[in-house]
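For the sequence shown, the numbering used here assigns the number 1 to the initial residue and increments by one for each residue that follows. Cβ coordinates follow ideal geometry from the N, Cα and C atoms, glycine included. Here the structure is laid out as structure tokens; the discussion comes afterwards.
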Amino acid sequence: QEDNRPVEKVSWNDTQDFIKKLNKKAGKTYRLPTEAEWEFAAQGGIYTEGYKYSGSDRLKEVGWYDENSGNATHPVGEKMANELGLYDMSGNVWEWVEDQWHDNYKGAPTDGTVWVNQDADAGRVVRGGGWIDRARLCRVSFRYLYSPAGRNDHIGFRLALSLQSAG
Numbered sequence: 001q002e003d004n005r006p007v008e009k010v011s012w013n014d015t016q017d018f019i020k021k022l023n024k025k026a027g028k029t030y031r032l033p034t035e036a037e038w039e040f041a042a043q044g045g046i047y048t049e050g051y052k053y054s055g056s057d058r059l060k061e062v063g064w065y066d067e068n069s070g071n072a073t074h075p076v077g078e079k080m081a082n083e084l085g086l087y088d089m090s091g092n093v094w095e096w097v098e099d100q101w102h103d104n105y106k107g108a109p110t111d112g113t114v115w116v117n118q119d120a121d122a123g124r125v126v127r128g129g130g131w132i133d134r135a136r137l138c139r140v141s142f143r144y145l146y147s148p149a150g151r152n153d154h155i156g157f158r159l160a161l162s163l164q165s166a167g
């Protein structure tokens with residue numbers, strides 16, 4: 001993608017293929033964040049101010065969405081960062097997370113680990129909203145179900161790096 005814009009038009013399956021190649025080349029363990037990790041980061045981690053969007057209650061300050069995007073993605077970092085210094089976690093593009101879709105959080109892991117079931121074709125979760133969406137879809141708490149094979153011009157991803165344990 002040009003101009004430091006987020007990657008888009010990638011399926012969840014595409015991200016898994018990319019991550020395997022990246023990890024082999026880099027010798028590190030990159031992955032998609034879990035849904036719990038994504039929300040914790042989007043909320044500002046331990047520094048959270050409890051905003052509706054990632055870094056503000058005013059989406060125009062922190063994100064690109066249907067009212068200000070001009071129907072396109074924008075370079076990362078043009079809006080304010082959240083409390084952790086992360087950009088564009090509300091708006092610009094939806095972001096894949098590792099978890100499979102569940103209708104609610106009943107039975108969800110409480111330690112931040114990935115939540116999957118036995119159905120390999122189950123829908124996956126995207127978070128954050130995109131440039132095409134109304135403001136309410138860009139709230140930190142909003143989640144959406146999407147096919148793991150689906151590609152769209154307002155869905156991308158953000159990587160997490162697993163740290164090596166000191167043990």
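- Query: Pick from K24, Y51, K25 and N104: whose alpha carbon is nearest that of N143?
  - Reply: The residue asked about is misnamed: residue 143 is Arg in this sequence, not Asn. That would be N104, whose Cα lies nearest to the Cα of R143.
- Item | Where the beta strand (DSSP E) containing E95 begins and where it ends | W94 to Q100
- Please report how far the alpha carbon of V93 lies from the alpha carbon of Y87, in whole angstroms. 12 Å
- Task: Return the residue from the list M80, A26, K28 and G150 that minimises the CA-CA distance to E95.
- Result: G150
- Can you round the beta-carbon distance between R124 and W38 to whole angstroms, since I take them to be within the 8 Å contact cut? 12 Å between Cβ atoms; not a contact.
- Task: Give the DSSP bridge partners of R143, in chain order.
- Result: R127
- If R5 and T73 are in contact, beta carbons under 8 Å, what's the gap, nearest whole angstrom? 5 Å
- Query: What is the DSSP secondary structure of G45, reduced to helix, strand or coil?
  - Reply: helix
- Query: Considering only the beta carbon of each residue, do D99 and T34 sit closer than 7 Å?
  - Reply: yes
- Message: So, with DSSP's three-state summary, where would you put A108?
- Response: coil
- Query: What residue does the beta strand (DSSP E) around I155 start on, and which one ends it?
  - Reply: I155 to F157
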